[in-house]
Amino acid sequence: MEIAKKVTLKTVEKKDERIFEIFQRYLDELNDFEDELNSEIDTDDEANENSLQLQNPIKKPRKGRPKKTTRIKSAMEPPKSNKSQRHCKICRQAGHYSSTCTQNQK
242 MEIAKKVTLK
252 TVEKKDERIF
262 EIFQRYLDEL
272 NDFEDELNSE
282 IDTDDEANEN
292 SLQLQNPIKK
302 PRKGRPKKTT
312 RIKSAMEPPK
322 SNKSQRHCKI
332 CRQAGHYSST
342 CTQNQK
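Residues 242 to 347 in this note's numbering are what the sequence shown lists, from first letter to last.
Structure follows, in structure tokens:
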């Protein structure tokens, strides 16, 4: 920092403009170099954007029995009815609840 300060003070005293030309060339070179770096970074970003496309997630098999699979029944096994019957708590008969039971009418 001290060198640049000394040089600028001496050039101002002597009214020499060569140092300003040197500084200007140096700044132009730095700007050109930064522009090249930025253009390389931009092209890299565009390449990365093209390569990163969203895809569906990979499906992995889950542990345990798959859903909605039923056991294959043998021909000798009798079919079961899926319909459940109502049972009364009071008389233990099928077809009604305790609220409609005839024995509850005491």
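C-beta: ideal position from N, C-alpha, C; glycine also.
Starting from residue i, follow its DSSP beta bridges and name the residues at the other end.
i: Ala335; result: His328
For residue i, does the three-state DSSP call read helix, strand or coil?
i: Asn297; result: coil
i: Asn345; result: coil
i: Thr311; result: coil
i: Asp257; result: coil
Report back the beta-carbon spacing between residue i and residue j to the nearest angstrom; my notes put them in contact at under 8 Å.
i: Ile244; j: Thr252; result: Wrong, their Cβ atoms sit about 13 Å apart, outside the cutoff.
Contact the stretch 321–329 vs the stretch 337–347: 3+ CB pairs below 8 Å: yes
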